[in-house]
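Participant:
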Ligand code: SF4
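Residue numbers (the working numbering), protein chains in the order written: chain A, 644 to 844; chain B, 691 to 1158.
(1) Can you find at least 3 beta carbon pairs, one from the segment 911–923 of chain B and one from the segment 878–897 of chain B, that sit closer than 8 Å?
(2) According to DSSP, simplified to helix, strand and coil, what is residue 786 of chain B?
(3) Please list, in chain order, all residues of the same chain as residue 886 of chain B whose beta carbon is under 7 Å from its beta carbon, the five residues on each side excluded.
(4) Could you round the C-beta distance between residue 726 of chain A and residue 728 of chain B to whole angstroms and report it? I think they count as a contact, below 8 Å.
(5) Assign residue 835 of chain B to one of three DSSP states: helix, strand, or coil.
(6) By the criterion of Cβ-Cβ separation under 7 Å, what are the contact partners of residue 745 of chain A in chain B?
(7) What's the C-alpha gap between residue 738 of chain B and residue 731 of chain B?
(8) If we count Cβ pairs, one from each stretch, closer than 8 Å, do we get three or more for the segment 1034–1044 of chain B versus the segment 1073–1089 of chain B?
(9) What residues match up with residue 715 of chain A in a beta bridge as DSSP calls it?
(10) According to the Cβ coordinates, are residue 1040 of chain B and residue 911 of chain B closer than 9 Å?
(11) What are the start and end residues of each continuous alpha helix (DSSP H) run of 4 or more residues lying completely inside the segment 1050–1117 of chain B, in chain order?
(12) Flag residue 1037 of chain B as yes when its Cβ comes closer than 8 Å to any non-hydrogen atom of the ligand SF4, and as no otherwise.
(13) Would you tell me roughly how many angstroms separate the C-alpha atoms of residue 797 of chain A and residue 718 of chain A, rounded to the nearest one?
(14) Taking a Cβ distance cut-off of 9 Å, strictly less, list which residues of the segment 1114–1126 of chain B are near chain A, in chain order.
(15) With residue 730 of chain B as the anchor, note down where its alpha helix (DSSP H) starts and where it stops.
(16) Straight-line CA distance for residue 962 of chain B to residue 931 of chain B?
(17) Name the chain A residues that come within less than 9 Å of residue 954 of chain B, Cβ to Cβ?
(18) Give me the subset of the segment 667–678 of chain A whose CB atoms are less than 9 Å from a CB atom of chain B, sorted by chain position.
(19) Pull out every residue of the segment 704–715 of chain A whose Cβ sits closer than 8 Å to any Cβ of chain B, in chain order.
(20) Looking at the C-beta of residue 1000 of chain B, does it have a partner C-beta in chain A at a distance below 9 Å?
(21) Can you find a CB in chain A that lies within less than 9 Å of the CB of residue 1137 of chain B?
(22) Over the uninterrupted beta strand (DSSP E) stretch that includes residue 859 of chain B, give me the two end residues.
(23) Do you know whose CA, among B:1036, B:749 and B:707, lies nearest residue 1094 of chain B's CA?
(24) If contact means a Cβ-Cβ distance below 8 Å, which residues of the segment 804–821 of chain A contact chain B?
(25) Given that a residue counts as buried once 16 or more other Cβ atoms are within 10 Å of its Cβ, and exposed if not, what is residue 768 of chain B?
(26) Given 8 Å as the limit, tell me if residue 729 of chain B has its C-beta closer than that to any heavy atom belonging to the ligand SF4.
(27) Quick check on residue 721 of chain B: does DSSP put it in helix, strand or coil?
(28) Just the Cα atoms here: how many angstroms apart are residue 732 of chain A and residue 678 of chain A?
(29) Would you kindly check if the distance between the Cβ of residue 724 of chain A and the Cβ of residue 647 of chain B is under 9 Å?
(30) Can you pull the chain B neighbours of residue 833 of chain A, defined as C-beta to C-beta under 7 Å?
(31) Please report the residue range of the alpha helix (DSSP H) in which residue 899 of chain B lies.
(32) Suppose the cutoff is 6 Å on Cβ atoms and the five residues either side in sequence are ignored; what does the same chain contact list for residue 747 of chain A look like?
(33) For the beta strand (DSSP E) that contains residue 992 of chain B, what are its first and last residues?
(34) Interface residues of chain B around residue 659 of chain A at Cβ under 8 Å?
(35) Going along the chain, which residues of its own chain have a beta-carbon closer than 7 Å to the beta-carbon of residue 783 of chain A, five neighbours each way excluded?
(36) Using CA atoms only, rank isn't needed, just tell me which of B:1011, B:959 and B:733 is closest to residue 775 of chain B.
In structure tokens:
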């Protein structure tokens, strides 16, 4: 995984609540056996019409947001299925940060594993950033993971929480499996004890 | 004496293989279920890194999402991408030596139906799968939840998952259900109450008399949709109903192992005075046969209600409701029981078990579906299908005008050819009514199997209490 670098730029506003993973990447694109290339179909049914032409007023089709690296979203972003194709598609499109009042659990976890930082903020703060996002190129939002801050265009800084282990992995581009393999002895000894106490498993 | 624990606390504590100072744990996984859509990239990752599957004997794979459900599927899958995914699973199962139920096997079906049916899912276990409806297995008092593909790879390689503990939430359904009300109505009513984010950060334990009175099939229906309420998992403490269901299944413990397991399972309940961070109580008598009207599972109302108005809501929900009513082609104030239906889908991991088919067949016996109605039954597994044929249910469906299909996910998510056309309106026993879920532009109303069957006959959403 690539290391997470600080991000600064325009943010795409997506105020709709409950944006689900079926919207982020519809199921017809889950038939791939690869991780790459899904950005082309990110938000496919909202972004393109039946003939595959761009729908002009969809936010990521507007000139200001075509290269957005941040999304400011309505409540409960990423609900629905466990498909990691959702963060793959977002990352492939170029999204590195998503801000919302809440995220669905599996999507939240999946994001970190793909170099995307989901940031949870209180309603009022999301509202400030949403307003900025709506101003297109006239506004910039900056994210500093090391210091756990996100700044609105006028310089107002909001602190955000992030699990220390997840932060560490994101900042250093670490692969979970490699890290867990270092603890293989704990797993071995757990398994041994467990085999005795629950032999039917 | 140690502090009182919830059922979730107990299962969690029994599976922590390593705990770091910040509370990040390696949770040992007892059963890993795998299907064709979320696993190819994980197996590819193993190959690239030169890693194997740590516990192939605890890993079970079955293709379900992509497979056609027409009987001619024995001749192969037409859609090239679907075929490649299923073939990739065939190969990965073989290469890595994991248990496998290929399309040609009568035991094939939806992964969350096959696991319990074969006795893979047992009380007190940790169960994961690259699929959000893994929550289903919580019905056995197993800690079961969906994971992403990176985590699938992590479990394949290490048989553990990196986790932090969730909070405890209790959902109690007191008293008994009224006639015509089912497990599906319970679970939809709970989501209507909590919202789709109400369970975020929690593991829910469902309890109370109405839950105890459910069969295993009904309990699986309830836990299946815990994820729709945002919870990491749903749990129901095991009892005699659970043990009776499990006993004798192909992979259930036998002999001395069974006795040892039973002794261990006796401790799988929430201690008196254990702490819950959130509690919701609903009276079973107050639950009505329910349907969804919008494009989120929280958009649920009793069948005798009317389509709501966006102005009935607050905050971001006002716009979301306006958008979903436009998408669904509904007008505020319209009676739900006046909504005309084009298609009926009975199946999915929510309601594709034998009891669901029995409930639907009981409604359909001696009746015909409305002219022009498209109706299909997709059993949750080949064994459910066989049993339904043996019990004469299949014939009831066929005589009524339903298509009688092979097992798979089918129109629940429409990755196979079973899809809705734009604006086609479907009464579905599945679990998600998202925009485009059953086909681009398709309109989904979620309901119980009996209500779906009644809708097929009348041609509109129907109050099962008034149907005869
Ligand atoms: S039946 Fe539907 S919800 Fe269940 S596993 Fe299949 S696609 Fe997912």
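Just so it is clear, CB atoms sit at the ideal spot from N, CA and C, and this is done for glycine as well.
Facilitator: Taking the definition as stated:
(1) Yes, the segment 911–923 of chain B touches the segment 878–897 of chain B.
(2) helix
(3) 918, 919, 920, 986, 987 and 988
(4) 7 Å
(5) Collapsing the DSSP output to three states places residue 835 of chain B in a strand.
(6) 887 and 890
(7) For residue 738 of chain B and residue 731 of chain B, the distance between alpha carbons rounds to 10 Å.
(8) yes
(9) Assignment of beta-bridge partners to residue 715 of chain A by DSSP yields A:656 and A:742.
(10) yes
(11) 1072–1080 and 1083–1090
(12) When distances are taken from the beta-carbon of residue 1037 of chain B to the heavy atoms of the ligand SF4, the shortest one is below 8 Å.
(13) 24 Å
(14) 1122, 1124, 1125 and 1126
(15) 730–739
(16) Within the model, the alpha-carbon separation for residue 962 of chain B versus residue 931 of chain B is close to 22 Å.
(17) 840, 841 and 843
(18) 669, 670, 671, 673, 674, 675, 676, 677 and 678
(19) Cβ contacts with chain B: none found.
(20) no
(21) no
(22) 857–864
(23) Nearest neighbour of residue 1094 of chain B by Cα position, chosen from B:1036, B:749 and B:707, turns out to be B:1036.
(24) 806, 807, 808, 819 and 820
(25) exposed
(26) no
(27) strand
(28) 9 Å
(29) Outside the shown range of chain B, which is 691 to 1158, sits residue 647 of chain B, and nothing can be said about it.
(30) Those within 7 Å of residue 833 of chain A in chain B are 707 and 718.
(31) 899–902 is the span of the alpha helix (DSSP H), which, as asked, contains residue 899 of chain B.
(32) Once the five neighbours on either side are set aside, the close Cβ partners of residue 747 of chain A are 721 and 722.
(33) 990–992
(34) 1006, 1009, 1010 and 1013
(35) 651, 652, 653 and 796
(36) B:733
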